[in-house]
Amino acid sequence: MSFLSNTTKVNSLTRTFPTLKQSFNKASSRHLSSQAFTKRTLNFALGTTTVLGIGLFSLYAFNTRSSIHELVFAPLLRQLDEEVAHDLSIKLLSWNLGPKDHHKDSELLETQLWGKRLSNPLGMAAGYDKNAQIPDKILKLGFGAVEVGSITPLPQSGNPSKRLFRLNNTQAIINRMGLNNDGIEECKKRLEARFWKNATEKSANDNHSSQSITSLADSVPKSGIDGRLLGVNVSKNSNSPSDSDSDFLTGIKELGPFADYIVINISCPNVENLSSGSNMKMMDKTVSAARAECNNLGDKKPALVIKIGPDYSENELKIISQIALKNNVDGIIATNTSRSRPEYIFKDEPNAKNAGGLSGPPIKNLALNTTRLVYKYTDKKIPIIGCGGVSTAQDVLEYGRAGASFVQLYTSMIYQGPGVASKIKDDLTVLLDGQKWSDIIGTEYSIY
Numbered sequence: 001m002s003f004l005s006n007t008t009k010v011n012s013l014t015r016t017f018p019t020l021k022q023s024f025n026k027a028s029s030r031h032l033s034s035q036a037f038t039k040r041t042l043n044f045a046l047g048t049t050t051v052l053g054i055g056l057f058s059l060y061a062f063n064t065r066s067s068i069h070e071l072v073f074a075p076l077l078r079q080l081d082e083e084v085a086h087d088l089s090i091k092l093l094s095w096n097l098g099p100k101d102h103h104k105d106s107e108l109l110e111t112q113l114w115g116k117r118l119s120n121p122l123g124m125a126a127g128y129d130k131n132a133q134i135p136d137k138i139l140k141l142g143f144g145a146v147e148v149g150s151i152t153p154l155p156q157s158g159n160p161s162k163r164l165f166r167l168n169n170t171q172a173i174i175n176r177m178g179l180n181n182d183g184i185e186e187c188k189k190r191l192e193a194r195f196w197k198n199a200t201e202k203s204a205n206d207n208h209s210s211q212s213i214t215s216l217a218d219s220v221p222k223s224g225i226d227g228r229l230l231g232v233n234v235s236k237n238s239n240s241p242s243d244s245d246s247d248f249l250t251g252i253k254e255l256g257p258f259a260d261y262i263v264i265n266i267s268c269p270n271v272e273n274l275s276s277g278s279n280m281k282m283m284d285k286t287v288s289a290a291r292a293e294c295n296n297l298g299d300k301k302p303a304l305v306i307k308i309g310p311d312y313s314e315n316e317l318k319i320i321s322q323i324a325l326k327n328n329v330d331g332i333i334a335t336n337t338s339r340s341r342p343e344y345i346f347k348d349e350p351n352a353k354n355a356g357g358l359s360g361p362p363i364k365n366l367a368l369n370t371t372r373l374v375y376k377y378t379d380k381k382i383p384i385i386g387c388g389g390v391s392t393a394q395d396v397l398e399y400g401r402a403g404a405s406f407v408q409l410y411t412s413m414i415y416q417g418p419g420v421a422s423k424i425k426d427d428l429t430v431l432l433d434g435q436k437w438s439d440i441i442g443t444e445y446s447i448y
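If you count the sequence shown from 1, position 159 lands on 159 in the UniProt record's numbering, and the numbers rise without skipping.
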């Protein structure tokens with residue numbers, strides 16, 4: 001009896017064990033399946049979070065109003081050699097790795113200039129995009145105008161290095177670059193290519209190659225964007241005779257058709273053969289020849305602008321104003337960089353002793369006073385473009401009240417980053433307090 005009972009128990013256990021084993025295997029399988037599901041869920045969540053994070057960061061980093069540009073990217077670039085940082089920034093923008101201003105400009109900032117609408121009074125000065133490589137990218141940073149150059153007839157390498165210096169304590173720059181550029185032939189190819197690209201996109205005629213630039217000029221802004229302006233700055237090769245104007249005239253003839261305004265750079269402090277900048281008779285001769293050459297381009301000629309320095313006496317500025325009026329100049333840029341140095345700068349800046357043109361806040365008073373005097377002596381008949389030490393909306397407002405139709409900056413972008421135009425526009429809109437920019441131009445002069 002006992003034997004039968006034990007046998008029954010053994011048989012029962014034998015039958016039960018596979019069942020337990022199967023149950024264990026099923027439970028283990030469910031556990032492993034649950035782990036795999038959890039792992040897949042975590043991986044999916046991590047991947048989604050990463051993609052969203054990158055997307056949100058990209059939206060933030062590629063917005064000109066992001067503070068990351070001034071607080072992170074600009075300081076990082078300033079750790080590099082000055083020219084390396086400049087060239088890298090040009091490359092990054094050309095690769096579409098720069099931010100964009102996605103906001104529509106306030107109507108308060110709008111003005112009319114040379115029969116064209118300008119959506120805001122912030123311009124990028126010549127010297128940044130020397131070779132007309134990225135004017136469109138610069139405009140997308142929020143600038144109302146961009147000026148490329150200076151461009152000379154032949155390519156030239158400029159002065160020997162080192163030739164560019166930061167003055168970090170005063171957020172200024174000294175440069176003695178020497179008008180290094182790719183020359184008219186290469187720059188013309190770029191300007192012509194972008195013009196026809198814009199013409200193709202805007203023109204209903206697919207066979208645009210049979211049309212002349214003149215016939216498309218009314219429908220295609222030279223800047224490529226309605227409400228924006230493209231300027232081209234031309235100058236002389238360093239080995240050209242000091243009394244010759246042919247380099248200026250070549251620049252006007254070859255590059256003028258692609259510009260809203262063309263600038264003859266008679267005041268660069270880093271080349272020795274620009275006699276027109278210091279000799280008033282030579283200046284009159286140069287400006288007269290430039291006016292005639294510009295007129296030869298026909299009805300669609302660009303506005304003719306001269307760029308003067310900040311170191312002239314009041315009497316010299318009076319003479320320059322008379323020359324400009326006599327030759328029907330369309331605009332005056334006040335000013336170029338300065339050879340002079342305010343005394344205080346030597347205490348704060350070890351690089352201040354270097355030769356070259358000074359730009360940034362230390363020359364603001366010189367440039368602003370030049371703007372004020374030229375506006376006065378041209379009797380408000382010639383638009384003035386203020387340039388020199390523009391870093392804030394308050395600076396822009398001061399230039400406007402002194403007579404500037406719009407302003408240019410460059411040095412402040414080195415220290416504040418590529419969002420500087422957007423920031424200044426936002427602040428300027430607040431400072432205008434409901435007034436229009438066009439209504440405040442020259443109001444300082446009207447009180448005298």
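Cβ coordinates follow ideal geometry from the N, Cα and C atoms, glycine included.
A quick note: this is a predicted structure, and the numbers were derived from the prediction, not measured.
Just the Cα atoms here: how many angstroms apart are residue i and residue j?
i	j	result
Asn351	Glu343	13 Å
Leu71	Asn169	16 Å
Asp206	Lys197	Low local confidence applies: a pLDDT of 48 at Asp206 is under 50, so the model's placement there is unreliable, with the coordinate-based value given in what follows. Their Cα atoms are separated by approximately 11 Å.
Arg253	Leu297	The amino acid at residue 253 is misidentified as Arg; the sequence shows Lys. One C-alpha to the other measures close to 7 Å.
Leu88	Pro383	34 Å
Gln156	Tyr128	16 Å
Ala393	Arg166	23 Å
Phe57	Glu316	Unreliable positioning characterises Phe57 in this predicted model, as indicated by a pLDDT of 49, which lies under 50. The coordinate reading is nonetheless provided below. Distance between the alpha carbons of Phe57 and Glu316: 53 Å.
residue 449	Leu431	Since the displayed the chain opens at 1 and closes at 448, residue 449 lies outside it and no answer follows.
Trp437	Ala289	34 Å
Asp299	Ala259	13 Å
Gly442	Tyr399	9 Å
Lys381	Asp81	43 Å
Glu186	Leu179	15 Å
Val220	Lys347	51 Å
Ala126	Leu397	21 Å
residue 450	Leu409	The structure shown does not extend to residue 450, since the chain is modelled only from 1 to 448, so the question has no answer here.
Asp379	Gln322	10 Å
Leu428	Ser240	43 Å
Lys116	Glu83	35 Å
Asp243	Asn354	28 Å
Give the DSSP bridge partners of residue i, in chain order.
i	result
Gly331	Val305
Ala145	Gly123 and Leu229
Ile174	Phe165 and Leu358
Cys387	Gln408
Lys100	Asn63
Can you name the start and end residues of the alpha helix (DSSP H) that residue i belongs to?
i	result
Arg291	Met280 to Asn295
Phe406	Where Phe406 is concerned, there is no enclosing alpha helix (DSSP H), although the beta strand (DSSP E) it sits in stretches over Ala404 to Leu409.
Phe195	Ile184 to Lys202
Pro221	No alpha helix (DSSP H) holds Pro221; DSSP gives it neither H nor E.
Ile134	Premise fails: Ile134 is in no alpha helix (DSSP H) and is neither H nor E.
Gln435	From DSSP, Gln435 is part of no alpha helix (DSSP H); its letter is neither H nor E.
Asn181	Per DSSP, Asn181 belongs to no alpha helix (DSSP H) and is neither H nor E.
Lys91	Glu82 to Ser94
Asn315	Glu314 to Lys326
Leu77	Ala74 to Leu77
Hey, residue i and residue j are a contact pair by Cβ (cut 8 Å); roughly how many whole angstroms apart?
i	j	result
Ile174	Gly309	Not confirmed; about 15 Å, so no contact.
Val263	Lys307	5 Å
Phe406	Gly224	Actually they are not in contact, since the Cβ atoms of Phe406 and Gly224 sit about 18 Å apart, beyond 8 Å.
Ser150	Val287	Going by Cβ atoms, the distance from Ser150 to Val287 rounds to 17 Å, so no, they are not a contact pair.
Val271	Ala334	Wrong, their Cβ atoms sit about 20 Å apart, outside the cutoff.
Leu118	Thr111	5 Å
Gly417	Ala172	17 Å between Cβ atoms; not a contact.
In terms of residues, what are the limits of the beta strand (DSSP E) holding residue i?
i	result
Lys116	Lys116 to Leu118
Gln112	Thr111 to Leu113
Can you give, in chain order, each stretch of the beta strand (DSSP E) that sits fully within the segment 343 to 385 and has at least 3 residues? 357 to 359
Quick one: complete alpha helix (DSSP H) runs, 4+ long, within the segment 233 to 263? 246 to 255
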